[in-house]
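**Student:** Numbering (the working numbering), first residue to last: 17 to 306. Glycine is no exception: its CB is placed at the ideal position from the N, C-alpha and C atoms.
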Amino acid sequence: MSGKTVAELIDYGVRELRERGKPSPRLDVELILAHVLGKDRLFLYMNPGLLPGFEAEREFCRLIGERIRGKPVQYIIGRQEFMGLEFDVSSEVLIPRPDTEVLVESVIEWIKDSGRHNAVLADLGTGSGAIAVSLAYYIPDARVVAVDVSQEALEVAAHNAAKHGVSRRIRFVRGDLLEPFKAMGLEGGLDGIVSNPPYIPEEDMKGLQDEVKNEPALALCGGSDGLDCYRRIAAGAPLYLARGGILAVEVGYNQAGDVAGIVGATGKFGPARVIRDLEGRERVVFFVTI
Numbered sequence: 017m018s019g020k021t022v023a024e025l026i027d028y029g030v031r032e033l034r035e036r037g038k039p040s041p042r043l044d045v046e047l048i049l050a051h052v053l054g055k056d057r058l059f060l061y062m063n064p065g066l067l068p069g070f071e072a073e074r075e076f077c078r079l080i081g082e083r084i085r086g087k088p089v090q091y092i093i094g095r096q097e098f099m100g101l102e103f104d105v106s107s108e109v110l111i112p113r114p115d116t117e118v119l120v121e122s123v124i125e126w127i128k129d130s131g132r133h134n135a136v137l138a139d140l141g142t143g144s145g146a147i148a149v150s151l152a153y154y155i156p157d158a159r160v161v162a163v164d165v166s167q168e169a170l171e172v173a174a175h176n177a178a179k180h181g182v183s184r185r186i187r188f189v190r191g192d193l194l195e196p197f198k199a200m201g202l203e204g205g206l207d208g209i210v211s212n213p214p215y216i217p218e219e220d221m222k223g224l225q226d227e228v229k230n231e232p233a234l235a236l237c238g239g240s241d242g243l244d245c246y247r248r249i250a251a252g253a254p255l256y257l258a259r260g261g262i263l264a265v266e267v268g269y270n271q272a273g274d275v276a277g278i279v280g281a282t283g284k285f286g287p288a289r290v291i292r293d294l295e296g297r298e299r300v301v302f303f304v305t306i
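1. For leucine 58, is the classification buried or exposed, using 16 other Cβ atoms within 10 angstroms of its Cβ as the cut-off for buried?
2. For alanine 162 and glycine 86, I'd like the C-alpha separation in whole angstroms.
3. Which whole-angstrom value is the C-beta distance of phenylalanine 302 and arginine 289, which I expect to be below 8 Å?
4. By Cβ distance, which residues of its chain are closer than 8 Å to methionine 17, with the 5 residues on each side in sequence left out?
5. Quick one: is methionine 62 buried, meaning 16 or more other Cβ sit within 10 Å of its Cβ, or exposed?
6. Quick check on DSSP: helix, strand or coil for leucine 33?
7. Pop quiz: valine 160 and isoleucine 124 are said to be a contact at Cβ under 8 Å. What is the actual Cβ separation, rounded to whole angstroms?
8. At what residues does the beta strand (DSSP E) containing valine 182 begin and finish?
9. Quick check on this structure: which residue in Arg184, Ser183 and Ala169 has the alpha carbon closest to the alpha carbon of glycine 191?
10. Within 10 Å of its beta-carbon, does isoleucine 306 have 16 or more other beta-carbons around it, so buried, or fewer, so exposed?
11. Can you tell me which of the three DSSP states glutamate 121 falls into?
12. Would you report the Cα separation of aspartate 139 and alanine 173, rounded to the nearest angstrom?
13. Would you say glutamate 298 and leucine 110 are within 8 Å of each other, going by their C-beta atoms?
14. Would you tell me roughly how many angstroms separate the C-alpha atoms of tyrosine 215 and alanine 272, rounded to the nearest one?
15. The beta strand (DSSP E) with phenylalanine 103 in it runs from where to where?
16. Are there 16 or more other CB atoms within 10 angstroms of the CB of aspartate 207, so buried, or fewer, so exposed?
17. What residue range does the alpha helix (DSSP H) around alanine 272 cover?
18. Note down the Cα distance separating leucine 243 from glycine 261, rounded to an integer number of angstroms.
19. I need the straight-line Cα distance from tyrosine 91 to glycine 141, nearest angstrom please.
20. If aspartate 129 and glycine 143 are in contact, beta carbons under 8 Å, what's the gap, nearest whole angstrom?
21. Mapping DSSP to helix, strand and coil, what is valine 160?
22. Leaving out five residues before and five after serine 150 in sequence, what residues of the same chain have Cβ atoms less than 7 Å from its Cβ?
23. So, do the region 270 to 287 and the region 238 to 255 have three or more beta carbon pairs nearer to each other than 8 Å?
24. Specify the secondary structure class of alanine 152 as computed by DSSP and reduced to three states.
25. Should valine 52 and proline 41 be called a contact, given that it needs their Cβ atoms to be closer than 8 Å?
26. Going by C-alpha to C-alpha distance, which of Pro64, Leu47 and Gly268 sits closest to arginine 113?
27. Alpha carbon to alpha carbon, how far is glutamate 195 from glutamate 82?
28. Of the choices Leu224, Met221 and Ser211, whose alpha-carbon is the least far from that of arginine 248?
29. Return the first residue and the last residue of the alpha helix (DSSP H) that serine 228 is part of.
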């Protein structure tokens, strides 16, 4: 491969990924090559005849090999964009998805429309911190409690909070969903609870794409029917939410009705509002305490 130009390396990488049925091969290849060169994709377009050199070519080919073996491109380059912000990611955290932006946007809209100031929000299962950091970033007077069972994930999230200048308004707590809140004295003290919990049924875990299987199973599997976390959140949330506070959760395919039923059965919330994503799928279920 020695002596190949940027354009030739891209052609090589695209061919390798396409032959193995990888989705979005050109985008992945461009992201990987830009990462190796320490540049952005525009640099590649402007310099197709550049000779990166032997070391860069070797590293590029190594990373293409990782992509062929199913490693997500986001883990390869170590970052992913979410809500217009760049988040660092590792194999310890779920890769932020564009669909989850609908969840964050719904909470931001509610805060704006309700006129609440100095809102206290909780993000359950924060992972990379994408939700917590985005909420703190776009709601400048909000405070956020970000919870995760994984210490490694909390370290990634804390790094992202520092990266975007919101560390002072986010408290990172290790724990399982609502479990830490009692010791923190948060009864009735939250304006909102937000979560993108694990929601894939155990049986469906077996059929996931290789790329998804590389993500932490703890952040994916939601028990036998995928609804375990929703049951636990619904049972505990009313204790910690202020009157008129919100519970907003992301849901998986065909789960909105079941989640609405689980939360509604507590008798502590008003009617569910279901919000669809850009593809028209039911993505977020939104509740207000009564």
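**Tutor:** Once the coordinates are examined:
1. Locating residue 58 in the sequence shown gives position 42, counting from the first residue. Exposed is the call here.
2. Taking the sequence shown and counting its residues from 1, one reaches residue 162 at position 146. Taking the sequence shown and counting its residues from 1, one reaches residue 86 at position 70. Whole-angstrom Cα-Cα distance: 30 Å.
3. Locating residue 302 in the sequence shown gives position 286, where the first residue counts as 1. Locating residue 289 in the sequence shown gives position 273, where the first residue counts as 1. Confirmed, Cβ separation roughly 4 Å.
4. Start at 1 with the first residue of the sequence shown, and residue 17 comes out as number 1. Caution applies to methionine 17, whose pLDDT of 46 falls short of 50 and renders its modelled position unreliable; the model cannot decide the point.
5. Looking up residue 62 in the sequence shown gives position 46. Label assigned to methionine 62: exposed.
6. Here residue 33 refers to the residue found at position 17 of the sequence shown. Helix, per DSSP.
7. Within the sequence shown, numbered from 1, the residue matching residue 160 stands at position 144. Within the sequence shown, numbered from 1, the residue matching residue 124 stands at position 108. Actually they do not touch by this definition, with Cβ atoms about 12 Å apart.
8. Locating residue 182 in the sequence shown gives position 166, where the first residue counts as 1. Taken as a continuous stretch (DSSP letters only), valine 182 belongs to no beta strand (DSSP E), as it is neither H nor E.
9. As a working mapping, residue 191 is identified with position 175 in the sequence shown. Checking every option, the nearest Cα to that of glycine 191 belongs to Ala169.
10. Walking along the sequence shown from the start, residue 306 turns up at place 290. Per the 10 Å Cβ criterion, exposed.
11. Looking up residue 121 in the sequence shown gives position 105. If DSSP states are grouped into helix, strand and coil, glutamate 121 belongs with the helices.
12. Numbered from 1 along the sequence shown, position 123 holds the residue referred to as residue 139. Numbered from 1 along the sequence shown, position 157 holds the residue referred to as residue 173. Between aspartate 139 and alanine 173, the C-alpha separation is close to 11 Å.
13. Counting from one through the sequence shown, the residue named residue 298 turns up at place 282. Counting from one through the sequence shown, the residue named residue 110 turns up at place 94. Not in contact: glutamate 298 and leucine 110 (Cβ atoms no closer than 8 Å).
14. Walking along the sequence shown from the start, residue 215 turns up at place 199. Walking along the sequence shown from the start, residue 272 turns up at place 256. When rounded, the distance between both Cα atoms is 11 Å.
15. Along the sequence shown, one-based indexing puts residue 103 at 87. First-last of the beta strand (DSSP E) with phenylalanine 103: 101 to 104.
16. Counting from one through the sequence shown, the residue named residue 207 turns up at place 191. Burial call: buried.
17. If you number the sequence shown from 1, residue 272 lands on position 256. First-last of the alpha helix (DSSP H) with alanine 272: 272 to 280.
18. Sequence index remark: in the sequence shown, residue 243 carries index 227 (1-based). Sequence index remark: in the sequence shown, residue 261 carries index 245 (1-based). Distance between the alpha carbons of leucine 243 and glycine 261: 22 Å.
19. The residue given as residue 91 occupies position 75 in the sequence shown. The residue given as residue 141 occupies position 125 in the sequence shown. Their backbone Cα atoms lie some 19 Å apart in a straight line.
20. Against the sequence shown, residue 129 aligns to sequence position 113. Against the sequence shown, residue 143 aligns to sequence position 127. At roughly 27 Å, the Cβ-Cβ gap does not stay under 8 Å, so aspartate 129 and glycine 143 are not in contact.
21. In the sequence shown, residue 160 corresponds to position 144, counting from 1. Three-state result, valine 160: strand.
22. In the sequence shown, counting from the first residue as 1, residue 150 sits at position 134. So the qualifying residues of the chain are Phe98, Met99, Leu101 and Val120.
23. yes
24. For the purposes of this step, residue 152 is identified with residue 136 of the sequence shown, where counting begins at 1. In the structure shown, alanine 152 sits in a helix (DSSP, three-state: H, G or I).
25. Taking the sequence shown and counting its residues from 1, the one referred to as residue 52 is at position 36. Taking the sequence shown and counting its residues from 1, the one referred to as residue 41 is at position 25. For valine 52 and proline 41, no; Cβs fall outside 8 Å.
26. Counting from one through the sequence shown, the residue named residue 113 turns up at place 97. Comparing Cα-Cα distances from arginine 113 to each of Pro64, Leu47 and Gly268, the minimum goes to Gly268.
27. Here residue 195 refers to the residue found at position 179 when the sequence shown is read from its first residue. Here residue 82 refers to the residue found at position 66 when the sequence shown is read from its first residue. Roughly 38 Å separates the two Cα atoms.
28. Working through the sequence shown from its first residue, we reach residue 248 at position 232. For the residues Leu224, Met221 and Ser211, the minimum Cα distance to arginine 248 belongs to Ser211.
29. Translated into positions along the sequence shown, residue 228 becomes position 212. Per the sequence presented here, residue 228 reads as valine, with serine not at that position. Taken as a continuous stretch (DSSP letters only), the alpha helix (DSSP H) holding valine 228 covers 226 to 229.
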